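There are 2 protein chains.
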Amino acid sequence: MSNIRHALTTKREDDFAKWYQEVISAADLAEESGVRGCMVIKPWGFGIWERVQRLMDDRIKAAGVQNAYFPLFIPLANFEREADHVEGFAKEMAVVTHHRLIADGTGGLIPDPEAKLEEPLVVRPTSETIIGDAMARWVQSWRDLPLMLNQWANVVRWEMRTRMFLRTSEFLWQEGHTAHATREEALEETHRALEMYRACAEEDLALPVIAGEKPENERFPGALETWSIEAMMQDGKALQAGTSHYLGTNFAHAAGIQYQDREGTQTLCHTTSWGVSTRMIGGVIMTHGDDDGLRVPPRIAPYQIIILPMLRDKPEDETVLAYCENLRVKLAAVSALGEPIRVLHDKTPGKASAKRWDWVRKGAPVIVEVGPRDMENGKVAVLRRDALWNLDNGKPAMDFVALDDFVAEAAATLAAIQTGLFSEAAERRDANITRGITDWEAITAHFKQGGKYPGWVEVQWSKPTGDALAKVVEQLKAMQLTIRNVPREAEPATGACIFTGAPAVERILVARAY
Amino acid sequence: MSNIRHALTTKREDDFAKWYQEVISAADLAEESGVRGCMVIKPWGFGIWERVQRLMDDRIKAAGVQNAYFPLFIPLANFEREADHVEGFAKEMAVVTHHRLIADGTGGLIPDPEAKLEEPLVVRPTSETIIGDAMARWVQSWRDLPLMLNQWANVVRWEMRTRMFLRTSEFLWQEGHTAHATREEALEETHRALEMYRACAEEDLALPVIAGEKPENERFPGALETWSIEAMMQDGKALQAGTSHYLGTNFAHAAGIQYQDREGTQTLCHTTSWGVSTRMIGGVIMTHGDDDGLRVPPRIAPYQIIILPMLRDKPEDETVLAYCENLRVKLAAVSALGEPIRVLHDKTPGKASAKRWDWVRKGAPVIVEVGPRDMENGKVAVLRRDALWNLDNGKPAMDFVALDDFVAEAAATLAAIQTGLFSEAAERRDANITRGITDWEAITAHFKQGGKYPGWVEVQWSKPTGDALAKVVEQLKAMQLTIRNVPREAEPATGACIFTGAPAVERILVARAY
Numbered sequence: 000m001s002n003i004r005h006a007l008t009t010k011r012e013d014d015f016a017k018w019y020q021e022v023i024s025a026a027d028l029a030e031e032s033g034v035r036g037c038m039v040i041k042p043w044g045f046g047i048w049e050r051v052q053r054l055m056d057d058r059i060k061a062a063g064v065q066n067a068y069f070p071l072f073i074p075l076a077n078f079e080r081e082a083d084h085v086e087g088f089a090k091e092m093a094v095v096t097h098h099r100l101i102a103d104g105t106g107g108l109i110p111d112p113e114a115k116l117e118e119p120l121v122v123r124p125t126s127e128t129i130i131g132d133a134m135a136r137w138v139q140s141w142r143d144l145p146l147m148l149n150q151w152a153n154v155v156r157w158e159m160r161t162r163m164f165l166r167t168s169e170f171l172w173q174e175g176h177t178a179h180a181t182r183e184e185a186l187e188e189t190h191r192a193l194e195m196y197r198a199c200a201e202e203d204l205a206l207p208v209i210a211g212e213k214p215e216n217e218r219f220p221g222a223l224e225t226w227s228i229e230a231m232m233q234d235g236k237a238l239q240a241g242t243s244h245y246l247g248t249n250f251a252h253a254a255g256i257q258y259q260d261r262e263g264t265q266t267l268c269h270t271t272s273w274g275v276s277t278r279m280i281g282g283v284i285m286t287h288g289d290d291d292g293l294r295v296p297p298r299i300a301p302y303q304i305i306i307l308p309m310l311r312d313k314p315e316d317e318t319v320l321a322y323c324e325n326l327r328v329k330l331a332a333v334s335a336l337g338e339p340i341r342v343l344h345d346k347t348p349g350k351a352s353a354k355r356w357d358w359v360r361k362g363a364p365v366i367v368e369v370g371p372r373d374m375e376n377g378k379v380a381v382l383r384r385d386a387l388w389n390l391d392n393g394k395p396a397m398d399f400v401a402l403d404d405f406v407a408e409a410a411a412t413l414a415a416i417q418t419g420l421f422s423e424a425a426e427r428r429d430a431n432i433t434r435g436i437t438d439w440e441a442i443t444a445h446f447k448q449g450g451k452y453p454g455w456v457e458v459q460w461s462k463p464t465g466d467a468l469a470k471v472v473e474q475l476k477a478m479q480l481t482i483r484n485v486p487r488e489a490e491p492a493t494g495a496c497i498f499t500g501a502p503a504v505e506r507i508l509v510a511r512a513y
Numbered sequence: 000m001s002n003i004r005h006a007l008t009t010k011r012e013d014d015f016a017k018w019y020q021e022v023i024s025a026a027d028l029a030e031e032s033g034v035r036g037c038m039v040i041k042p043w044g045f046g047i048w049e050r051v052q053r054l055m056d057d058r059i060k061a062a063g064v065q066n067a068y069f070p071l072f073i074p075l076a077n078f079e080r081e082a083d084h085v086e087g088f089a090k091e092m093a094v095v096t097h098h099r100l101i102a103d104g105t106g107g108l109i110p111d112p113e114a115k116l117e118e119p120l121v122v123r124p125t126s127e128t129i130i131g132d133a134m135a136r137w138v139q140s141w142r143d144l145p146l147m148l149n150q151w152a153n154v155v156r157w158e159m160r161t162r163m164f165l166r167t168s169e170f171l172w173q174e175g176h177t178a179h180a181t182r183e184e185a186l187e188e189t190h191r192a193l194e195m196y197r198a199c200a201e202e203d204l205a206l207p208v209i210a211g212e213k214p215e216n217e218r219f220p221g222a223l224e225t226w227s228i229e230a231m232m233q234d235g236k237a238l239q240a241g242t243s244h245y246l247g248t249n250f251a252h253a254a255g256i257q258y259q260d261r262e263g264t265q266t267l268c269h270t271t272s273w274g275v276s277t278r279m280i281g282g283v284i285m286t287h288g289d290d291d292g293l294r295v296p297p298r299i300a301p302y303q304i305i306i307l308p309m310l311r312d313k314p315e316d317e318t319v320l321a322y323c324e325n326l327r328v329k330l331a332a333v334s335a336l337g338e339p340i341r342v343l344h345d346k347t348p349g350k351a352s353a354k355r356w357d358w359v360r361k362g363a364p365v366i367v368e369v370g371p372r373d374m375e376n377g378k379v380a381v382l383r384r385d386a387l388w389n390l391d392n393g394k395p396a397m398d399f400v401a402l403d404d405f406v407a408e409a410a411a412t413l414a415a416i417q418t419g420l421f422s423e424a425a426e427r428r429d430a431n432i433t434r435g436i437t438d439w440e441a442i443t444a445h446f447k448q449g450g451k452y453p454g455w456v457e458v459q460w461s462k463p464t465g466d467a468l469a470k471v472v473e474q475l476k477a478m479q480l481t482i483r484n485v486p487r488e489a490e491p492a493t494g495a496c497i498f499t500g501a502p503a504v505e506r507i508l509v510a511r512a513y
């Protein structure tokens with residue numbers, strides 16, 4: 000394959016971090032904004048996010064959760080009242096202190112000292128406390144429960160070291176917040192949301208994930224249980240791609256979310272919260288990207304098929320364009336993966352070959368080129384992004400197909416690409432989870448000698464808490480390792496704890512992580 | 000009609016402002032958040048906004064505009080460089096000065112003095128300057144033009160006096176930003192966006208509007224032309240429901256948005272911006288609301304038909320529920336106004352009559368009630384929100400219809416409601432625009448003697464500028480009047496300016512406004 004000239008300068012195996020940045024740039028996904036820690040999400044990147052939003056929102060609504068919108072600004076008092084929460088979040092937040100600018104007299108602007116807020120406002124890092132206030136107003140009786148809300152919003156957590164999509168000061172997400180009559184119902188909702196995330200990640204984003212409970216030290220501030228889905232990136236690191244929290248009555252107590260039960264007794268609600276963010280796009284890049292750029296799974300591709308007319312500034316261009324437009328109309332009438340095919344007839348100026356490579360880097364699932372000769376033969380030239388190269392000759396694996404055959408096969412092709420991307424990632428993930436390690440030295444050896452991509456290890460532990468857990472966390476941290484989660488579908492424990500030697504109670508995934 | 004017992008306490012004619020607040024509360028649209036100037040948009044209100052978003056977004060995408068996302072925070076320097084813009088916007092904005100909170104030692108939190116930002120950041124009041132920065136990076140050649148972007152976002156303009164949906168410190172909107180090679184193309188885009196707003200307002204929200212150019216004093220800061228759509232509320236006041244701006248090369252010059260033309264010359268772009276916001280929901284309330292609450296036009300109703308089973312905690316409830324579910328499935332399979340009917344089978348606890356009035360106040364277009372007797376007769380009881388009362392007996396105008404007939408007629412019914420709401424509002428608007436007033440005394444008399452709802456007057460003027468215009472604005476302001484716009488479709492001027500006596504050049508709308 001050495002004769003293949005890949006579309007990117009940096010290869011994954013040479014410098015994964017640099018490759019990641021190059022994909023983001025080459026696929027036109029996002030860029031630095033000039034505002035510290037904030038990125039600009041460019042149309043192709045935002046189009047992918049819109050698709051994720053649409054598909055997730057359908058799942059959210061199907062579960063009976065209602066969208067609403069709550070203030071961007073949160074009073075300090077909200078953070079002060081929930082001790083664990085403030086401890087977890089009070090550190091790095093954007094604080095609004097003034098509501099006016101005035102001229103400084105030298106051509107510049109400064110916050111007007113006369114317009115200082117009596118109480119500073121925090122730009123929401125998450126909305127448990129402000130939505131809790133609303134829930135306290137809206138919940139009176141058992142009849143009002145469950146109350147299931149969601150908002151799509153921007154949130155801000157001031158970050159010192161940022162990386163596009165993975166860790167930015169401002170990011171976009173959805174946050175679900177629900178209140179229930181009982182612990183059982185709230186736990187059920189916690190798991191429903193987790194399962195929804197698993198399904199969306201695997202079915203829509205083609206990201207194989209492992210769903211499980213986070214250890215105590217990784218819980219959301221104020222939560223009793225935090226569950227996550229974890230995806231394996233191509234460098235073997237883990238990416239937490241979504242979390243679902245059971246908050247017990249902690250937030251209900253702080254905000255006064257209570258209901259009169261059927262017997263007339265005032266009772267605290269049990270609440271949950273759950274979120275996924277634009278971080279998922281980072282997961283898509285690091286799972287499906289290759290040395291030619293991004294590969295977007297068809298379900299979340301803004302356009303699934305790109306039609307490129309090969310024009311020569313000659314009169315016959317018109318007939319090529321008409322042929323392409325006919326193809327576009329035919330494809331748009333086809334349903335693939337449950338929706339009409341999203342097809343773009345790209346008539347922008349530029350050479351077809353340059354435009355082809357733009358779309359390869361962007362990761363459009365299928366690219367179709369049409370030149371005068373193809374047209375005369377009633378054919379189209381088809382390039383599948385998931386099978387880009389002819390390995391025999393190192394050239395793009397262009398397939399010349401009769402137009403009607405291509406249209407007839409289009410839905411099956413897109414479905415195959417969706418399935419294929421998932422399978423490829425799932426096989427890589429499964430091949431890189433090591434089980435059966437039973438002592439700490441073997442872990443050390445694994446992560447030292449495992450090459451660049453040691454993947455994850457699943458080990459048994461005794462679920463220590465408090466100081467004992469802190470010691471384990473330190474021990475792992477020295478190796479740049481973290482506990483990802485306790486996989487929901489793991490085998491029961493049968494041996495000894497790898498850290499303490501005590502009888503193990505469950506299995507955990509240990510990995511390097513983003 | 001005096002025997003009708005309306006669902007609201009306050010009638011429009013008694014106290015329009017109080018009525019407005021009561022509709023917002025009774026229809027479960029929004030509420031005060033406890034955070035100064037910020038509201039909570041409740042699920043029914045947000046559902047309406049989601050519908051507006053979806054329909055507008057389809058129009059935006061159909062025009063070839065691409066969605067993207069830009070930072071919430073804008074550096075001060077961006078505001079400093081465009082003089083007119085800073086003059087217009089620098090007054091009331093939320094300013095972030097710190098990026099961390101710390102404990103104050105007495106259980107509270109304060110901004111950490113160690114974490115003061117070197118340069119304060121402004122929470123975006125609008126994004127011309129930050130999107131301009133991106134455009135300057137993205138536009139190099141004539142091939143990159145036009146560049147047409149849009150973002151759906153929250154923005155903040157600190158407001159001293161707020162009113163829900165109409166004027167809140169934080170609000171939701173879309174802002175389109177485009178860059179073009181020539182003045183002509185930018186003006187064309189300005190008008191395309193305006194026409195898109197007119198179409199969306201009239202066809203989707205059933206809001207009749209008058210599109211026209213704003214006078215100089217009402218221009219967006221930094222714009223050369225500002226166009227608006229103006230809707231008439233039931234109290235005769237005007238509501239500016241959307242604006243489209245031609246920015247000339249002002250922002251392009253400030254941000255450095257330029258392109259190399261076909262001859263190789265660096266040339267400044269001509270830019271536009273255009274936006275509509277959650278303010279439109281206020282317009283829907285004040286146009287379509289009545290003394291029983293809101294009436295939501297079917298195209299933007301989250302649910303168009305509500306099915307209410309009348310249950311009695313008896314075994315036959317099950318068959319009623321099954322009958323209702325059958326109805327729901329049948330309706331959901333019907334297409335109305337170009338989309339599948341949005342139907343809710345409302346099985347929440349509570350008496351059907353109480354739930355009926357909840358949905359009346361919320362303004363669901365059609366409410367269907369089903370009791371055991373209706374079921375036995377194969378019927379449903381239908382209540383149209385746009386024809387709520389039987390004026391003969393002062394009771395709800397419930398219509399008993401065979402289930403299959405109701406399903407067969409559902410699409411036509413919804414289309415008729417959509418059309419009817421628009422016609423009713425258009426007739427009221429047309430009846431309340433007074434033309435032919437030719438002197439200032441007559442205007443004074445009109446607005447003094449015209450009763451509570453003097454509506455708008457269309458008069459001719461000489462389009463004064465500068466100080467002469469300022470004088471006119473002052474003169475109008477003394478009567479609480481403003482110039483709304485120069486209607487796009489107005490007749491040519493034929494007489495004298497009502498303010499200066501000079502020959503008139505165009506006609507303007509004068510009105511009280513929100």
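If you're matching them up, the sequences are chains P and D in order. Sequential numbering of the first sequence, starting at 0, is according to numbering that gives the first Met the number 0. Sequential numbering of the second sequence, starting at 0, is according to numbering that gives the first Met the number 0. Just so you know, even glycine gets a beta-carbon here, dropped at the ideal spot from N, CA and C. These numbers were taken from a predicted model, which means no experiment stands behind them.
Neighbour list for residue i in chain P, Cβ cutoff strictly below 8 Å
| i | result |
| --- | --- |
| D/C37 | P70, L71, F72 |
| D/H98 | E91, M92, A93, V94, W157 |
Nearest neighbour of residue i, chosen from the options [CA to CA]
| i | options | result |
| --- | --- | --- |
| P/W139 | P/E188, P/A251, P/P124 | Per the sequence shown, the amino acid found at residue 139 of chain P is Gln instead of Trp. The residue with the shortest Cα to Cα distance from P/Q139 is P/A251. |
| D/R136 | D/Q52, D/H179, D/I256 | D/I256 |
| D/I305 | D/W358, D/A222, D/E79 | D/W358 |
| D/I507 | D/E217, D/R261, D/A133 | D/E217 |
| D/L223 | D/L206, D/H269, D/Q259 | D/H269 |
| D/F69 | D/T499, D/K17, D/R123, D/V406 | D/R123 |
| D/A29 | D/I280, D/D345, D/P395 | D/I280 |
Three-way DSSP call (helix, strand, coil) for residue i in this model
| i | result |
| --- | --- |
| P/N153 | strand |
| D/F170 | strand |
| D/L307 | strand |
| P/E91 | coil |
| D/R434 | strand |
| P/H445 | helix |
| P/I23 | helix |
| D/G46 | helix |
| P/I366 | strand |
Contact list for residue i against chain D, beta-carbon separation under 7 Å
| i | result |
| --- | --- |
| P/P110 | V94, T96, P119 |
| P/V365 | The contacting residues do not exist; P/V365 stays about 21 Å from chain D at best. |
DSSP bridge partner residues for residue i (one or two, in chain order)
| i | result |
| --- | --- |
| P/E224 | P/Y245 |
| D/Q239 | D/E229 |
| D/P395 | D/W388 |
| D/I147 | Sequence check: residue 147 of chain D is Met here, not Ile. For D/M147, which the question treats as bridged, DSSP gives the partners D/T177. |
| D/R506 | D/Q459 |
Test: residue i CB closer than 8 Å to a CB of chain B
| i | result |
| --- | --- |
| P/K41 | This model lacks chain B altogether; the protein chains it does include are P and D. |
Neighbouring residues, chain P, relative to residue i (Cβ below 7 Å)
| i | result |
| --- | --- |
| D/A133 | V39 |
### Query
Can you find at least 3 beta carbon pairs, one from the region 241-251 of chain P and one from the region 192-199 of chain P, that sit closer than 8 Å?
yes
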